[in-house]
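This report refers to the structure that appears directly beneath it.
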Amino acid sequence: SEVLLVSAPGKVILHGEHAVVHGKVALAMALNLRTFLRLQPHSNGKVCLNLPNIGVKQAWDVAGLQLQDTSFLEQGDATAPTAEQVEKLKEVAGITQDGAKPEGLAVLAFLYLYLSICRKQRALPSLDITVWSQLPTGAGLGSSAAYSVCMAAALLTVCEEIPNPQKDGVSASRWAVEDLELINKWAFQGERMIHGNPSGVDNAVSTWGRGCLRLWGPSSPRRPLALKILLTNTKVPRSTKTLVASVRSRLLKFPEIVTPLLTSINAISLECERMLGEMAVAPAPEHYLVLEELIDMNQHHLNALGVGHASLDQLCRVTMAHGLHSKLTGAGGGGCGITLLRPDLEQLEVEATKQALNDCGFDCWETSIGAPG
Ligand code: PMV
């Protein structure tokens with residue numbers, strides 16, 4: 003039987019991180035760094051999972067899994083996996099990895115999706131699955147969502163819940179909207195397995211791709227517009243939870259000061275969305291100047307909210323020395339930043355900027371946002 007290949011993108015937040023927690027609009031876009039999955043059906047009675055990026059290589063006896071009582075999975079996709087389900091799943095699967103580490107969580111999410119999606123089959127399928135990624139983990143770029151989307155798409159295809167778009171080795175078509183909805187629904191379950199209580203934004207962006215996806219407010223049409231960016235990982239570790247809590251306490255302490263910042267960030271997201279709409283129809287150099295101004299203003303606001311970091315200031319300074327504009331993306335306090343690349347830029351200038359960022363000890367990718375799902 004045929005090898006199946008699927009891939010899914012990561013995400014970045016263009017504008018509106020933190021403000022979105024307080025009911026404001028945010029814009030998330032698919033990032034053209036992807037996760038890839040290769041699935042080989044077998045008849046060897048085993049299901050094998052290979053995750054070379056995080057050093058996982060594990061195999062289960064399909065017959066052994068088949069004998070287990072998996073009726074505890076019956077409640078399906080209506081709610082987040084319960085603590086009880088997680089415990090039983092660990093038992094069934096003989097999970098050896100630490101359930102709190104990325105390796106353990108990735109294995110757990112796989113088994114949850116495999117057993118849940120395939121349990122309607124007469125027999126559980128023998129499969130060899132390898133997943134690898136261009137996305138760093140734990141950097142706020144939605145690597146776990148891209149993993150879950152790939153896994154859901156591949157398993158739903160094998161179980162013929164959605165059509166195989168690669169019949170006879172060619173990508174004949176893309177999945178229909180209802181197929182993508184099913185992929186997204188199961189990917190969300192995988193995300194919940196990994197993150198507990200995620201918003202579902204990362205898997206939605208990874209599934210649907212393309213233009214901006216509003217995190218809040220009426221959903222906007224997705225437009226096929228790609229922006230070139232540099233994505234920089236300062237590699238300074240941060241905790242989204244702690245940073246979100248620090249913004250909340252600043253808001254409580256200085257409501258008169260912080261509320262207008264959040265309102266202003268909301269307006270930045272709306273203005274950016276309007277610009278992207280115009281650019282999708284007729285892009286002009288002036289649009290990029292506006293996008294750069296919006297980036298600068300938001301970066302200052304985020305600093306005022308207290309989620310900046312010396313490494314991010316350094317990113318802004320270094321790129322500004324090359325005439326480029328940057329802001330943090332996601333939670334801040336380190337982590338990742340994005341730099342807009344105007345289409346008129348000389349490649350030499352881009353290379354010099356990348357070199358300068360590498361010299362700071364940062365990882366840097368020349369990529370784009372507005373990628374397909
Ligand atoms: O660290 P990330 O990329 O998952 O970003 C978190 C975005 C916040 O707005 C800070 C938090 C949230 O839950 O929306």
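For full-length UniProt numbering, add 2 to where a residue sits in the sequence shown, where the first one is 1. For glycine and all other residues, C-beta sits at the position ideal for the given N, C-alpha and C.
query	result
C-alpha gap between residue 212 and residue 69, whole angstroms	43 Å
Contact the region 152-160 vs the region 7-27: 3+ CB pairs below 8 Å	yes
Unbroken stretches of the alpha helix (DSSP H), 4 residues or longer, contained in the region 52-108	64-69 and 85-95
7 Å Cβ shell around residue 141 - same chain, five flanking residues per side excluded	235, 337 and 338
Closer than 7 Å to chain D by CB, residue 265	No chain D appears in the structure shown, which is made up of a single protein chain.
Residue 189 beta carbon less than 7 Å from that of residue 135	no
According to DSSP, residues forming a beta bridge with residue 380	Residue 380 lies beyond the range of the chain shown here (3 to 375); nothing can be said about it.
DSSP state of residue 237 mapped onto helix, strand, coil	coil
Limits of the alpha helix (DSSP H) - the one that residue 262 falls within	257-283
Span of the alpha helix (DSSP H) around residue 188	179-197
Own chain, CB closer than 7 Å to residue 239, minus 5 neighbours either side, in chain order	336
Length of the line joining the Cα atoms of residue 152 and residue 258	45 Å
Alpha carbon of residue 293 to alpha carbon of residue 375, nearest angstrom	24 Å
Alpha carbon of residue 39 to alpha carbon of residue 16, nearest angstrom	27 Å
Residue environment, residue 87, which counts as buried when at least 16 other CB atoms sit within 10 Å	buried
Continuous beta strand (DSSP E) stretch holding residue 13: start and end	6-17
Alpha-carbon spacing of residue 200 relative to residue 119, whole angstroms	21 Å
Neighbour-count burial assignment, residue 287, 16 or more Cβ in a 10 Å radius	exposed
Residue interval of the alpha helix (DSSP H) (run including residue 300)	287-307
Cβ-heavy atom distance, residue 142 to the ligand PMV, below 6 Å	yes
Nearest-angstrom Cβ-Cβ length linking residue 51 and residue 109, presumed shorter than 8 Å	7 Å
Secondary structure of residue 163, DSSP reduced to three states	coil
Inter-residue CB distance, residue 126 and residue 75 (contact presumed, cutoff 8 Å)	With a Cβ gap of about 12 Å, residue 126 and residue 75 do not count as contacting.
Counted within 10 angstroms of its Cβ, other Cβ atoms place residue 195 as buried (16 or more) or exposed	buried
Residues bridged to residue 32 (per DSSP)	13
heavy atom of the ligand ZN below 6 Å from residue 24 C-beta	In terms of ligand content, the structure shown lacks the ligand ZN and carries the ligand PMV instead.
Contact belief for residue 208 with residue 32 at Cβ below 8 Å, rounded distance in angstroms	7 Å
Identity of the residue in 55, 61, 130 and 18 nearest residue 43 by Cα	130
Sheet register partners of residue 132 (DSSP bridge)	40 and 52
As assigned by DSSP and simplified to three states, the class of residue 26	coil
Chain-order list of residues whose beta-carbon lies under 6 Å from that of residue 329 (same chain, five-residue window excluded)	297, 300 and 301
Other residues of its chain near residue 376: CB distance less than 7 Å, five sequence neighbours each side excluded	Examination of residue 376 is not possible in this model, given that the chain is present from 3 through 375 alone.
Residue 245, DSSP secondary structure in three states	helix
Other residues of its chain near residue 358: CB distance less than 6 Å, five sequence neighbours each side excluded	320
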